[in-house]
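Colleague:
Number of protein chains: 2
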Amino acid sequence: MRLHDYLPSGNGYKVRLALAQLGRPYELVEYDIVEGATRTPDFLERVNPNGRIPVLELDDGRMLPESNAVLWYLAEGTPLLAADPFRRAQTLQWMCFEQYSHEPNVATVRFWVTHGHVDLSGWRAELLADKRRQGDAALAVMDRHLAGHAFFAGDYSIADIALYAYTHVAPEGGFDLQPHAHVRAWLARVAAQADHVPITHRPGDG
Amino acid sequence: MRLHDYLPSGNGYKVRLALAQLGRPYELVEYDIVEGATRTPDFLERVNPNGRIPVLELDDGRMLPESNAVLWYLAEGTPLLAADPFRRAQTLQWMCFEQYSHEPNVATVRFWVTHGHVDLSGWRAELLADKRRQGDAALAVMDRHLAGHAFFAGDYSIADIALYAYTHVAPEGGFDLQPHAHVRAWLARVAAQADHVPITHRPGDG
Numbered sequence: 346m347r348l349h350d351y352l353p354s355g356n357g358y359k360v361r362l363a364l365a366q367l368g369r370p371y372e373l374v375e376y377d378i379v380e381g382a383t384r385t386p387d388f389l390e391r392v393n394p395n396g397r398i399p400v401l402e403l404d405d406g407r408m409l410p411e412s413n414a415v416l417w418y419l420a421e422g423t424p425l426l427a428a429d430p431f432r433r434a435q436t437l438q439w440m441c442f443e444q445y446s447h448e449p450n451v452a453t454v455r456f457w458v459t460h461g462h463v464d465l466s467g468w469r470a471e472l473l474a475d476k477r478r479q480g481d482a483a484l485a486v487m488d489r490h491l492a493g494h495a496f497f498a499g500d501y502s503i504a505d506i507a508l509y510a511y512t513h514v515a516p517e518g519g520f521d522l523q524p525h526a527h528v529r530a531w532l533a534r535v536a537a538q539a540d541h542v543p544i545t546h547r548p549g550d551g
Numbered sequence: 346m347r348l349h350d351y352l353p354s355g356n357g358y359k360v361r362l363a364l365a366q367l368g369r370p371y372e373l374v375e376y377d378i379v380e381g382a383t384r385t386p387d388f389l390e391r392v393n394p395n396g397r398i399p400v401l402e403l404d405d406g407r408m409l410p411e412s413n414a415v416l417w418y419l420a421e422g423t424p425l426l427a428a429d430p431f432r433r434a435q436t437l438q439w440m441c442f443e444q445y446s447h448e449p450n451v452a453t454v455r456f457w458v459t460h461g462h463v464d465l466s467g468w469r470a471e472l473l474a475d476k477r478r479q480g481d482a483a484l485a486v487m488d489r490h491l492a493g494h495a496f497f498a499g500d501y502s503i504a505d506i507a508l509y510a511y512t513h514v515a516p517e518g519g520f521d522l523q524p525h526a527h528v529r530a531w532l533a534r535v536a537a538q539a540d541h542v543p544i545t546h547r548p549g550d551g
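The listed protein sequences derive, respectively, from chains A and B.
Going by my numbering, the first sequence opens with residue 346, and the numbers climb by one from there.
Going by my numbering, the second sequence opens with residue 346, and the numbers climb by one from there.
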């Protein structure tokens, strides 16, 4: 398999972490999204018409975009995804929460403030403040759930991988995790899982 | 089962449409989200700590938030969700696309312009314009896919239900579907499916 990806991407990291923990070999194809490498006519035609990474390319050349769809595809039948129907639904529930309530705030703020190519004056300064508020609210929802649960949907699963990716680097965007003690304890539990790798991980790294 | 919902919500409609087509009986519990009925301490404690509808309440009282997680839970083992692993992944891919690239633009613009309770002057006027651009781009991605496919992931599925919900009311938000001929033809195909119901549908309606 090939993973079309951008190393600092938390969405890409979700897939790289799952592949590492599942022991699946793959080739990494890197793009610089800041330079628009995923918006070229060739990428749109051949890899993903929506112009985003990560995209998993199967051995037969079929392309699968959307990090959470890739996680589900890879985890089916493994310990990273439960067999019980309600547990599976809860797993997907938290992955949807991540894409809708968490990523557009926590991840976007990090991207904007660390890459410096987006003009954050004018109306985007107001939007940035709004995203900070909404990101803090998402972290609070996570903290409330984790007060009574070790992981998001029963045992450690792709729901934890999906939420870990941008939560553990949230301070890079200026988010304060100090008020969220349950989130911090959960981050440590996720990082302690067997075969955990950091966001800088490439296949073949030690 | 009980569905905690708000009738004009496309996210709620996804679930009502699937329930109707699957012939599953349920009770509808309605909330006025504009009046903050899903942000009360009781709702946050008892129904969904993330303060959003729809939420499916199972017969044993367990709560399942997130429309796309509910769709997946209900459709498993039915004709609305394929058995083939790659088809399933494509189904989820388009549902993720809907929640990340489509809903925050197409649905949010419709909600803002039809409900009139959000101040759309100042920085939100710029955000509205940005969401219009991004919503048009999402519709173009759909149109490109539908140029070569009757539905989003093989046969009619929950991916079509998820994308139909806010696409068919996109003109209420000022989006022009005229340039997207394949989208318009697909909307007609979805509306022609057996047991299709409109967004105003409540259980027990004819």
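We put the beta carbon where it would ideally sit given N, CA and C, even for glycine.
In the DSSP assignment, find the unbroken beta strand (DSSP E) run with MET408/B in it and report its ends.
Modeller: Segment 408 to 410, the beta strand (DSSP E) holding MET408/B.
Colleague: Excluding the 5 residues flanking PRO366/B on each side, which residues of the same chain have their C-beta closer than 6 Å to its C-beta?
Modeller: It is Gln, not Pro, that sits at residue 366/B in the sequence shown. Once the five neighbours on either side are set aside, the close Cβ partners of GLN366/B are ASP540.
Colleague: So which of ASN413/B, ASP377/B, ARG534/B and GLY461/B has the shortest CA-CA distance to HIS494/B?
Modeller: Closest by C-alpha distance to HIS494/B, out of ASN413/B, ASP377/B, ARG534/B and GLY461/B, is ARG534/B.
Colleague: List, in order along the chain, the chain B residues whose C-beta lies closer than 7 Å to that of GLN438/A?
Modeller: LEU409, PRO410, GLU411 and ALA414
Colleague: My output table needs one value for GLU372/B: the three-state DSSP class, helix, strand or coil.
Modeller: Reduced to three states, the DSSP call for GLU372/B is strand.
Colleague: Output, in chain order, the set of chain A residues within a Cβ distance shorter than 7 Å of PRO449/B.
Modeller: PRO449
Colleague: What is the DSSP secondary structure of GLU402/A, counted as helix, strand or coil?
Modeller: strand
Colleague: Could you name the residues of chain B that ARG534/A contacts, counting a contact when the two beta carbons are closer than 9 Å?
Modeller: Under the 9 Å cutoff, chain B gives no residues; its nearest Cβ is about 20 Å from ARG534/A.
Colleague: If I follow the unbroken alpha helix (DSSP H) through ASP488/B, where does it start and stop?
Modeller: 468 to 491
Colleague: Excluding the 5 residues preceding and the 5 following HIS527/B in the sequence, name in chain order all residues of the same chain whose CB lies nearer than 6 Å to its CB.
Modeller: Residues of the same chain with a CB within less than 6 Å of the CB of HIS527/B, apart from the 5 flanking positions on each side, are ASP488, LEU491 and ALA492 in chain order.
Colleague: Of all Cβ atoms in chain B, is any one closer than 8 Å to the Cβ of PRO430/A?
Modeller: yes
Colleague: Pull up the distance between the alpha-carbon of ALA427/B and that of LEU532/A, whole angstroms please.
Modeller: 35 Å
Colleague: Could you tell me which residues DSSP pairs with ARG347/A in its beta bridges?
Modeller: GLU372/A and GLU402/A
Colleague: For a contact meaning CB atoms closer than 7 Å, what does ARG478/B contact in chain A?
Modeller: Within chain A, no residue comes near ARG478/B; the closest Cβ sits about 14 Å away, beyond 7 Å.
Colleague: Could you check what DSSP says for ARG391/A in three-state terms: helix, strand or coil?
Modeller: helix
Colleague: Since TYR509/A meets chain B, which of its residues come closer than 9 Å, beta carbon to beta carbon?
Modeller: Simply none; closest approach about 18 Å.
Colleague: Would you kindly report the start and end of the unbroken alpha helix (DSSP H) that includes ASN356/B?
Modeller: 355 to 367
Colleague: Exposed or buried, what is SER555/B when buried is set at 16 or more other beta-carbons lying within 10 Å of its beta-carbon?
Modeller: Past the boundaries of the shown model lies residue 555/B; chain B is included only from 346 to 551, so the question cannot be answered.
Colleague: Residues of chain B with CB under 7 Å from VAL489/A, in chain order?
Modeller: One detail in the question is off: residue 489/A reads as Arg in this sequence, not Val. Those within 7 Å of ARG489/A in chain B are PRO394.
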